[in-house]
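In short: position in the sequence shown from 1, add 173, done, that's the working numbering.
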Amino acid sequence: MYRKIIDCVCKANFGEYYQTKSSQTANTDTDLALQSHHAVGYCKMVRAWYMDDSNADQRETHMLDPPVFVSLDELFEKCGVEYMKFNADTWETNVEFAELRKKRGYTYEDLCEISRETLPDYDNKLKNFYTEHIHSDEEIRFVLEGCGYFDVRDSDDRWIRVEVSKDDLIIVPAGIYHRFSLNTDNYIKVKRLFVGEPVWTPINRPGADDHPVRQEYLKRMQSC
Ligand SMILES: [Fe+2]
174 MYRKIIDCVC
184 KANFGEYYQT
194 KSSQTANTDT
204 DLALQSHHAV
214 GYCKMVRAWY
224 MDDSNADQRE
234 THMLDPPVFV
244 SLDELFEKCG
254 VEYMKFNADT
264 WETNVEFAEL
274 RKKRGYTYED
284 LCEISRETLP
294 DYDNKLKNFY
304 TEHIHSDEEI
314 RFVLEGCGYF
324 DVRDSDDRWI
334 RVEVSKDDLI
344 IVPAGIYHRF
354 SLNTDNYIKV
364 KRLFVGEPVW
374 TPINRPGADD
384 HPVRQEYLKR
394 MQSC
């Protein structure tokens with residue numbers, strides 16, 4: 174059983190600002206994954222929604238009309254995507270952030286700043302980020318500045334768009350089809366975490382369909 178880890182639970186009401194102040198105990202990995210850390214006070218909730226199929230600029234929101242939002246619970250249940258929240262200004266002294274790294278075995282971290290000015294080969298990199306792919310490991314991103322979209326496939330192969338901004342930490346599981354896009358601000362700065370020596374290699378669709386990691390992911394999601 175985990176000790177008390179949260180001051181404020183911020184889940185469910187996507188797209189809203191609200192205040193909850195409670196103290197709860199996380200009993201399982203799922204609890205830990207679904208609870209937000211260190212978010213006392215008003216919390217800007219991460220939002221996720223089903224995407225339209227328009228060919229408009231990928232940096233637009235691509236919401237359905239009317240929008241269909243996806244809660245954090247659904248995001249975890251349908252896709253295995255985990256979301257947490259930490260203060261990006263104080264993460265270095267944040268005990269919970271350190272505990273997360275220890276518990277999940279994140280031994281590597283670096284910074285990645287995505288903008289035309291800072292990222293070499295910017296246009297090609299953005300194209301690659303937005304090509305549907307899997308990885309053989311989790312993709313962990315903690316947003317320090319800026320915004321972006323992680324698009325993930327649900328079990329019915331529909332795209333869910335997860336909007337991330339400062340303080341958001343997202344864990345995209347190994348084997349899930351996903352892609353990344355900047356929004357129209359064209360800027361994000363993230364901390365990348367990894368277990369062991371980093372492997373950033375994407376395995377694109379459809380070539381990844383038979384990959385053992387993809388098969389393992391599908392089996393895991395079916396058994397949930
Ligand atoms: Fe990726």
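Every residue, glycine too, gets a C-beta built ideally from N, C-alpha and C.
Practice item. Determine the burial state of glycine 253: buried for a count of at least 16 other Cβ atoms within 10 Å of its Cβ, exposed for fewer. Key: As a first step, residue 253 must be located in the sequence shown, where it is residue number 80. Result: buried.
Check your understanding: Would you say the beta carbon of glutamate 312 comes nearer than 7 Å to a heavy atom of ligand 1?
Key -> Indexing the sequence shown from 1 puts residue 312 at position 139. Glutamate 312: yes, Cβ under 7 Å from ligand 1.
Practice item. Spell out a yes or no on whether the segment 372 to 380 and the segment 279 to 288 are touching, meaning 3 or more CB-CB pairs, one atom from each, closer than 8 Å. Key: no
**Study point:** Member of Gln231, Ile307, Ser227 and Leu245 whose CA lies at the smallest distance from the CA of arginine 387
**Key:** The residue labelled residue 387 in the question sits at position 214 within the sequence shown. If we check each option's Cα against that of arginine 387, Ile307 comes out closest.
Check your understanding: Quick one: what does DSSP say arginine 393 is sitting in, helix, strand or coil?
Key -> For the purposes of this step, residue 393 is taken as residue 220 along the sequence shown, with counting starting at 1. Of the three classes helix, strand and coil, the one that applies to arginine 393 here is helix, per DSSP.
Exercise for review: Report yes or no: do the segment 337 to 347 and the segment 289 to 305 share at least 3 C-beta pairs separated by less than 8 Å?
Suggested key: Contact fails: fewer than three Cβ-Cβ distances are below 8 Å.
Exercise for review: Could you check if leucine 237 is buried or exposed, using at least 16 other CB atoms within 10 Å of its CB as the buried criterion?
Suggested key: Translated into the one-based positions of the sequence shown, residue 237 becomes position 64. Leucine 237 is exposed by the Cβ-count criterion.
Check your understanding: Counting pairs of beta carbons, one from the segment 223 to 235 and one from the segment 350 to 363, are three or more of them closer than 8 Å?
Key -> yes
**Study point:** Identified DSSP bridge partners for valine 363
**Key:** Along the sequence shown, one-based indexing puts residue 363 at 190. According to DSSP, valine 363 bridges with Cys285 and Val316.
Point to revise | Check whether arginine 274 and threonine 304 have beta carbons under 8 Å apart | key: Counted from its first residue, the sequence shown places residue 274 at position 101. Counted from its first residue, the sequence shown places residue 304 at position 131. No, they are not a contact pair.
**Study point:** Contact under 8 Å by Cβ, isoleucine 361 with alanine 221
**Key:** As a working note, residue 361 is residue 188 in the sequence shown. As a working note, residue 221 is residue 48 in the sequence shown. No, these two residues do not count as a Cβ contact at 8 Å.
Exercise for review: List the DSSP bridge partners of glycine 321.
Suggested key: Counting from one through the sequence shown, the residue named residue 321 turns up at place 148. Residue pairing for glycine 321: DSSP places it in a beta bridge opposite Val337 and Leu355.
Check your understanding: Would you report the Cα separation of serine 144 and cysteine 320, rounded to the nearest angstrom?
Key -> It is not possible to answer for residue 144, since the shown part of the chain is limited to 174 through 397.
Point to revise | Selected residue, minimal CA-CA separation from methionine 394, among Val337, Arg326 and Val363 | key: The residue labelled residue 394 in the question sits at position 221 within the sequence shown. For the residues Val337, Arg326 and Val363, the minimum Cα distance to methionine 394 belongs to Arg326.
Point to revise | C-beta atoms of valine 316 and valine 345 nearer than 8 Å | key: By one-based count along the sequence shown, residue 316 stands at place 143. By one-based count along the sequence shown, residue 345 stands at place 172. No, Cβ-Cβ distance for valine 316 and valine 345 is not below 8 Å.
Exercise for review: Count the other C-beta atoms from every protein chain shown that fall within 10 angstroms of the C-beta of tyrosine 281, then say buried if there are 16 or more, exposed otherwise.
Suggested key: Translated into positions along the sequence shown, residue 281 becomes position 108. Classification of tyrosine 281: exposed, given that the 10 Å Cβ count is below 16.
Practice item. Select from Cys397, Val335 and Asp246 the residue whose C-alpha is nearest the C-alpha of aspartate 324. Key: What you label residue 324 is simply residue 151 of the sequence shown in a count that begins at 1. For aspartate 324, the nearest C-alpha among the options comes from Val335.
Exercise for review: Report, in whole angstroms, the separation of the C-beta atoms of tyrosine 223 and arginine 331, which I expect to be a contact under 8 Å.
Suggested key: Translated into the one-based positions of the sequence shown, residue 223 becomes position 50. Translated into the one-based positions of the sequence shown, residue 331 becomes position 158. The Cβ separation is near 6 Å, so the contact holds.
Review point. Are phenylalanine 242 and isoleucine 313 close, meaning C-beta to C-beta below 8 Å?
Key: What you label residue 242 is simply residue 69 of the sequence shown in a count that begins at 1. What you label residue 313 is simply residue 140 of the sequence shown in a count that begins at 1. Result no, Cβ atoms of phenylalanine 242 and isoleucine 313 do not sit closer than 8 Å.
Practice item. Identify whether serine 195 lies in helix, strand or coil by the three-state DSSP scheme. Key: Numbered from its first residue, the sequence shown carries residue 195 at position 22. Note that serine 195 has pLDDT 30, beneath the 50 cutoff, so the model's placement of it is unreliable and the number below is only indicative. The answer is coil: DSSP assigns serine 195 none of H, G, I, E or B.
Practice item. Assign glutamate 404 to one of two classes, buried (16 or more other C-beta atoms within 10 Å of its C-beta) or exposed (fewer than that). Key: This structure cannot settle anything about residue 404, because the visible part of the chain is limited to 174 through 397.
Review point. Would you report the Cα separation of serine 244 and tyrosine 295, rounded to the nearest angstrom?
Key: Within the sequence shown, residue 244 is the residue found at index 71, counting from 1. Within the sequence shown, residue 295 is the residue found at index 122, counting from 1. The straight-line gap from Cα to Cα measures roughly 32 Å.
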